[in-house]
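Residue numbers (this note's numbering), protein chains in the order written: chain H, 1 to 476; chain G, 1 to 492.
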Ligand SMILES: [Zn+2]
């Protein structure tokens, strides 16, 4: 029997706000433990939460971009459970009236574009974290109260690869929207998965397991591949799948059971009495819609159409919004999309990767690079020379002409400048000319080499070859 | 010897503000009384002698330097111990928070300090404000100044007793289902529960967040009016605190009652009630009729469901609000437990008293999967019906009138073993809490019990954010009631 995999993802995205969800503490990663706290996020007696306006704004922006239906009335709820990293022993979240429902994320699959439907998007606060030491467990509440957005997909994903594409697409969207840093290592983007398998053709879903603790995109793909395999093997062997929550162990590349269905929590959700419900402001939504940036998928399609780029090149360019902006600016200045794309995906990307710097810190601005590419396009500089000039641009602010001069000048394409040199070589190398005329075609290369030698490599190869042919033909 | 404890708050503020007396003299007078009398009354859990004198001196310095005096300059106040005060323990009268010192002042405390008030100390209550007699305090025993064998009421028993015994001019309490009004009635003082959202709850340790509201106690209406002017108004730290303008409650007290109508909710008088109390309330109604106010009966058909609704909503919220006291971050921690769950369970079992544990369990049950719809959700729906009762009544009348408590102060221990009897103490007050409307208890007479005179409270309720009307109506009665300002002989 053949089985198919059914996956739904729950993504927790940390909103890129300056301050926490319900208090004024700054949101920052990697600070001294318990240094970014106040009575509110410590859950001290008597404190009250106040909704971070900017977190709500970013959430709305995301939901609008995802095409969600926005609730005209939304409220917060308390999710009650005991855990030492949760200072109030309840989490302020949203239960039955999330601020957004529906919407979708388009992904590319080998079979073409596929739309992954969303169930809902809601806002909530993050917990702190526990640090286990030989002396005991310590609580760090710097992260407690950080604003989160939970994006829940329908079980529309049919493979671990699709799950990964979905995550990549979503990540790009959140980055384009500037609502999340999307750093899985630092935990600003987290993902839990629900996975089940069923015989191909069967309508009902199989029993699902929930997988937690996946800390990278490749980790998600590996964990889902592992779990799908485990479920299929279990069924093939005549076993049954038990509903459970599993933990993925990246090091061992396997899962372990965290809790089974019998130990499922009763979260005793109820409306958060400390916060008034939020009524949707239609004007605000219109303003947000008007301010939305072009989304990565639209841009990807436009790059292919407008600049005649391959899917792959367009994809490499749009992965990073700043890189795509750099490219578009460059392409506009040079007027040659493909040339610009080549340089951005090769030389520029290499520098960024090597130095591990963001596009904004690239030592060669798109403006400066455009001057160089214009010379390449006009034939004033050879590709090889342009590469050398680019390299020297990385370490110098000198003008393009100065740099070219320093490297021995630009390419010589003017036939009137080159002709006397070719004539000189014809005079000096009569024997070779003789041989060529006698039918030894290959000797043309020797002639060409001599001419290029005289130009110290700066002669435009095409022009030089043209002049050689011209002189041979003239028979002089 | 002076009689500052018989002075109204505005009189003290006026005298201190004009330099006629110093805040320090007033503070010392009260500290001396507390020192002499509070062993018997037991209103205070914590007296901040040094801090009070320092605050008083600071007020005096500012006034001597010509700074404009605050509206409560030198007024000695006591704070219920579920309201956070920086530098002084805030315990909720619970062993689980014994010794806990809040790093911040509640918004109301900040406003009192800014107004020049002098904070004398922290007052006893039923643990986490759960109770109607103050007997559930885990840290102290407060008696009724009118009869030391009887309870002061609760949960703000310490706040009511302190004012009744002249140990503070103003005290703050909190009211969830009657916790200001019922002890005010039992101790013969004025107690006001403002509209939900009128006063910031920031720094009030939550019992039931959708019901809790801070309010003042005083010997007379002018005291609560002055204090409300200081406390009321928007607070960006409390999303449920409404941005409505704050009138000068003291300045508008003496308005005319012309054209006003008062409603008597029939259903409230169907409950079992002490005969002397219904006579007092009837006399009060007659005072209004004599003033030309039209007094009519109004139906409040859902009243009988109020107690059940109140205890479901309040306990459900409490079960969540009190979850944070787990021994992990602050407060009492069991030292013998070997692992986390055991540590939290034992810390909570040792730290919380029986009544608090009972309510946490009831509330947890009401929110549990499978029971939520039948209990909590249904309670929310009935709460809505009760609100509609008030809306309908207020279309006809400007205020409602009934007793604050169907019984006078009861003997210590009389109801401790019977929680249901204790819960019925809220029968007159809980509906207004569920509706979020403002209500006040005003002394309106005495009943004789076993040779003792015990005070009776008149309960007046009005429309949301119309405290001005409520106080005006209450004031009209106060000036015509011969027992106003009477204090128990033992403490004079
Ligand atoms: Zn904070």
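No residue lacks a Cβ here, since even glycine has one placed at the ideal position from N, Cα and C.
Reduced DSSP secondary structure (H/G/I, E/B, other) of residue i
| i | result |
| --- | --- |
| residue 248/H | strand |
| residue 265/H | coil |
| residue 258/H | strand |
| residue 213/G | strand |
| residue 403/G | strand |
| residue 249/G | coil |
| residue 420/G | helix |
| residue 78/H | strand |
| residue 302/G | coil |
| residue 273/H | coil |
| residue 19/H | strand |
| residue 33/H | coil |
| residue 143/G | coil |
| residue 72/H | coil |
| residue 280/G | helix |
| residue 446/G | strand |
Chain G contact residues for residue i, given Cβ-Cβ distances below 7 Å
| i | result |
| --- | --- |
| residue 276/H | 239 and 240 |
| residue 273/H | 209, 210 and 317 |
CB contact below 7 Å: residue i versus chain H
| i | result |
| --- | --- |
| residue 371/G | no |
| residue 339/G | no |
| residue 84/G | yes |
| residue 204/G | yes |
| residue 368/G | yes |
Any C-beta of chain G under 7 Å from that of residue i
| i | result |
| --- | --- |
| residue 266/H | yes |
| residue 48/H | yes |
| residue 3/H | no |
| residue 199/H | no |
| residue 90/H | yes |
| residue 45/H | yes |
Cross-chain neighbours of residue i in chain H, by beta carbon under 7 Å
| i | result |
| --- | --- |
| residue 464/G | Those within 7 Å of residue 464/G in chain H number zero; the least Cβ separation is about 15 Å. |
| residue 379/G | Going along chain H, no residue has its Cβ under 7 Å from residue 379/G, so there is no contact; the nearest lies around 11 Å. |
| residue 201/G | 48 |
| residue 37/G | Within chain H, no residue comes near residue 37/G; the closest Cβ sits about 30 Å away, beyond 7 Å. |
Within chain G, the residues that residue i reaches when beta carbons sit closer than 9 Å
| i | result |
| --- | --- |
| residue 87/H | 324, 328 and 329 |
| residue 51/H | 239 |
Proximal residues of chain H, C-beta to C-beta of residue i below 8 Å
| i | result |
| --- | --- |
| residue 376/G | 270 |
| residue 186/G | Ordered by position in chain H, no residue passes the 8 Å Cβ test against residue 186/G, which lies about 27 Å from the chain. |
| residue 344/G | 82 |
Chain H contact residues for residue i, given Cβ-Cβ distances below 9 Å
| i | result |
| --- | --- |
| residue 236/G | 50 |
| residue 195/G | Chain H residues near residue 195/G: none, gap ~15 Å exceeds 9 Å. |
| residue 97/G | 45 |
| residue 364/G | 80 and 268 |
| residue 90/G | 45 and 46 |
Self-check item: Inside the segment 386-460 of chain H only - alpha helix (DSSP H) runs reaching at least 4 residues
Solution: 400-406, 415-428, 430-437 and 444-454
Quiz prompt | Positions along the segment 64-84 of chain H whose CB lies within less than 7 Å of some CB in chain G | solution = 78, 80, 82 and 84
Exercise. Please list the residues of the segment 101-126 of chain G that have a C-beta atom closer than 8 Å to any C-beta atom in chain H, keeping them in chain order.
Key: 102, 103, 104 and 106
Practice problem: Name, going along the chain, the residues of the segment 151-184 of chain G whose beta-carbon falls closer than 9 Å to a beta-carbon of chain H. | Solution: none
Exercise. Specify which residues have a beta carbon nearer than 6 Å to any heavy atom of ligand 2, listing them in chain order.
Key: By its list of ligands, the structure shown excludes ligand 2, since it contains just ligand 1.
Quiz item: Which of the residues in the segment 290-320 of chain G, read from start to end, lie with their CB under 7 Å from any CB of chain H?
Solution: 316, 317 and 320
Quiz item: Which of the residues in the segment 23-43 of chain H, read from start to end, lie with their CB under 8 Å from any CB of chain G?
Solution: 39, 42 and 43
Quiz item: For the segment 189-230 of chain H, which segments carrying the beta strand (DSSP E) assignment without a break, of at least 3 residues, lie completely within its bounds, in sequence order?
Solution: 189-199 and 209-214
Practice problem: Within the segment 116-176 of chain H, note down every full alpha helix (DSSP H) run reaching 4 residues or more, in order along the chain. | Solution: 160-176
Quiz item: Considering only residues of the segment 318-371 of chain G, which uninterrupted alpha helix (DSSP H) runs meet the minimum length of 4 residues and lie entirely inside it, listed in chain order?
Solution: 340-351 and 354-367
Practice problem: May I have a chain-ordered list of the beta strand (DSSP E) segments no shorter than 3 residues that lie completely inside the segment 35-69 of chain G? | Solution: 44-47
Practice problem: Counting only runs of 4+ residues fully inside the segment 347-385 of chain H, write out the alpha helix (DSSP H) ranges in chain order. | Solution: 349-355 and 366-378
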